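Below is one structure, written out as structure tokens; comments come after it.
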Amino acid sequence: MIRQRCRVLAAGLLGVTLLSGCGSTMTDGGTTQPPPPLTLDDQLRAQFGIWGVVPIGAVTQPNAALVELGRSLFFDKVLSGNRDVACATCHSPLSHGADVLSLSIGTGGTGDGAARTLGAGRQFTPRNAPSLINTGLGSFYIFWDGRVSDLGGFRTPAGAALPGGLTSVLAAQAMFPVTNRNEMRGEVGDHDVFGNPNELAPIDSAQYGAIWGAVMQRLVAINGYVAKFNAAFPGVPASSLGFQHAANAIAAFEQTAFTFTSSPFDHYVAHDDRAMTTEAKQGALLFFTKARCSSCHFGPLLGGQSFASAGVPQLGPGVGKDAPLDLGQDPQFQGQAQRFFFRVPSLRNVELTAPYMHDGAFATLEAVVRHYNKVEETLRNYDASQLDPRLRAQYRGDPATIEAILAATSPIIRQPLGLSDTEIHQLVAFLQSLTDPAARDLSSMIPASVPSGLPVTAAISP
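Heads up: the sequence shown begins at 3 in our numbering, then just goes up one per residue.
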């Protein structure tokens with residue numbers, strides 16, 4: 003008896019073709035029989051090999067005292083110039099490490115969640131608050147424009163002013179919200195919630211070290227924080243503490259509190275074929291083949307390692323000299339013609355973190371998939387009425403902007419996918435399989451109080 007069978011995988015940059023049965027099976031009687039077809043699991047696991055999808059390894063747990071310090075800092079409004087906003091304001095556990103707004107509202111705002119409102123004379127931040135879930139698992143780039151990265155060394159807006167001793171790119175990122183006027187630092191002439199002048203705001207924005215030093219002066223003036231820093235950094239006197247120590251603690255808390263790697267998909271990647279439904283598996287196969295999602299969302303995290311222009315509608319106040327447009331990565335990489343390129347986020351637990359895209363332009367996963375199905379059509383016909391009424395006037399839907407976005411979008415992304423309604427629903431089912439059930443309710447991480455004594459957003463009583 004002679005038996006021969008082979009499988010051929012042909013992979014392209016933005017699409018994959020899976021061929022099976024290129025050989026034949028010959029029985030003793032000389033009759034040629036086709037080889038058995040590949041199962042759905044066979045096909046899907048072959049795609050994992052192509053796109054680098056492997057189980058996420060165990061995460062090292064930081065020192066408990068460091069995590070506890072980071073927890074207090076994360077929820078404490080004392081880090082903001084006006085003492086009115088904390089990291090958790092825009093990255094709330096009640097919103098799975100993000101917020102529910104398309105564009106966040108930073109310092110000067112009032113209220114929480116969907117009810118948060120702008121302060122007098124303030125404007126929305128230019129971008130959606132990305133979720134913190136699984137951000138401590140090895141992404142190279144942080145922020146939508148990638149302005150903080152770790153490619154064999156930290157690159158940040160502070161340049162040589164960035165202090166040493168930072169333990170991760172997540173810690174490097176934690177250095178910068180306190181320097182941003184809109185997000186946390188406030189404007190010249192601001193007063194804090196007690197009516198005192200905001201001493202952080204008058205510092206020149208280019209003086210990163212001075213801003214960080216002023217924040218640390220606040221912290222070491224609070225006995226509760228001195229005790230927590232002593233526990234987290236034994237042997238380091240208060241006079242030697244810098245904001246990098248606070249940033250390392252915040253990152254340690256974020257990594258510990260927001261890491262979730264036990265989704266149905268995680269179990270399936272670890273070879274539990276029963277962990278995902280058939281519909282989710284069909285969606286996963288589409289994800290890696292016909293829908294071309296894996297051209298950007300690859301690797302163990304399904305994203306976080308690259309940039310792309312995805313034909314996303316422009317809305318918001320814009321960024322820097324290009325306002326009211328937001329050119330994304332381009333201002334960070336002059337001369338590379340990367341207009342409208344933004345970081346490709348990880349899709350782990352993505353079901354929980356609506357609204358989507360760098361500016362929260364789409365409210366549901368189905369809307370996102372339908373956008374990719376017909377990018378040009380969706381962009382040209384974007385309905386701004388789906389936005390928060392406060393943002394509708396900031397939608398940039400003029401013909402020149404639309405053409406500029408399309409010109410920056412890869413022709414392959416612009417090419418319609420031809421997905422049916424059934425296939426769209428299968429893709430959504432797959433994206434939902436990326437949710438770790440433990441990530442659905444994160445309220446237990448919210449402390450009842452913080453060392454400054456300032457109120458904790460959505461504080462949970464012990």
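Heads up, the beta-carbon is just placed ideally off N, CA and C, and yes, glycines get one too.
Since we're looking at a predicted model, the values are computed, not measured.
Continuous beta strand (DSSP E) stretch holding SER151: start and end: It spans 150-152 - the beta strand (DSSP E) in which SER151 sits, taken as one unbroken run.
Please look up how many angstroms separate the CB atoms of ALA259 and ALA234, rounded, as I've assumed it's under 8 Å. That belief does not hold up - the Cβ atoms of ALA259 and ALA234 are roughly 16 Å apart, past 8 Å.
DSSP puts ALA100 in a beta bridge; with which residues? SER94
Please list, in chain order, all residues of the same chain as MET278 whose beta carbon is under 6 Å from its beta carbon, the five residues on each side excluded. PRO266, TYR270, SER435
In terms of alpha-carbon separation, which member of LYS323, PHE342, ARG294 lies closest to ASN375? ARG294
Under 8 Å between C-beta atoms of ALA203 and PHE432: no
In whole angstroms, what separates the C-alpha of VAL238 from that of GLU70? 17 Å
Taking Cβ positions, are LEU456 and ARG85 nearer each other than 8 Å? yes
Which class does GLY420 belong to by DSSP, given the choice of helix, strand or coil? The answer is coil: DSSP assigns GLY420 none of H, G, I, E or B.
If I follow the unbroken alpha helix (DSSP H) through ARG73, where does it start and stop? 66-77
In three-state terms, what does DSSP make of LEU172? helix
Along the chain, where does the alpha helix (DSSP H) containing LEU287 start, and where does it finish? 280-290
The region 182-192 contacting the region 51-68, beta-carbon criterion three pairs below 8 Å: No: fewer than three Cβ pairs fall under 8 Å.
Between which two residues does the alpha helix (DSSP H) holding MET218 run? 210-222
Express the C-alpha separation of GLY197 and THR263 in angstroms, rounding to a whole number. 45 Å
Nearest-angstrom Cα distance between GLU256 and LEU444? 12 Å
Cβ distance (whole Å) where ARG46 is taken to contact ALA286 below 8 Å: Residue identity check: residue 46 is Leu in the sequence provided, not Arg. Contact flag correct, Cβ pair sits at about 6 Å.
Give the straight-line distance between the Cα atoms of MET447 and PRO418, rounded to the nearest whole angstrom. 43 Å
Looking at C-alpha atoms only, which residue of HIS427, LEU68, ILE144, SER308 is the closest neighbour of PRO236? LEU68
Reduced DSSP category for GLY51 - H, G, I as helix; E, B as strand; rest coil: helix
PRO132: buried (16+ other C-beta within 10 angstroms of its C-beta) or exposed? buried
Nearest to ARG276 (by Cα), restricted to the options LEU42, PRO37, LEU139, ALA369: It is LEU42 whose Cα lies nearest to the Cα of ARG276.
Is HIS269 helix, strand or coil by DSSP? Reduced to three states, the DSSP call for HIS269 is helix.
Cβ of THR91 within 8 Å of Cβ of THR459? yes
Exposure label - GLN35; buried when at least 16 CB within 10 Å: exposed
Checking 8 Å against the spacing of the C-beta atoms, do VAL377 and ARG416 come in under that value? yes
Could you pull the DSSP bridge partners for ILE205 from this structure? Answer is none; ILE205 lacks a bridge partner.
Straight-line CA distance for HIS373 to ILE107? For HIS373 and ILE107, the distance between alpha carbons rounds to 26 Å.
Please name the residue or residues paired with ILE144 in a DSSP beta bridge. VAL150
Can the beta-carbon of PHE156 be found less than 8 Å from the beta-carbon of PRO449? no
If you compare alpha carbons, which of ARG382, ARG350, GLY148 is closest to ASP400? Of the residues ARG382, ARG350, GLY148, the one whose Cα lies closest to the Cα of ASP400 is ARG382.
In angstroms, rounded to a whole number, what distance separates the CA positions of ALA325 and GLN316? 11 Å
Considering only their Cβ atoms, is the gap separating PHE245 from MET186 smaller than 8 Å? no
Let me know if LEU367 comes out buried or exposed under the rule of 16 or more other beta-carbons within 10 Å of its beta-carbon. buried
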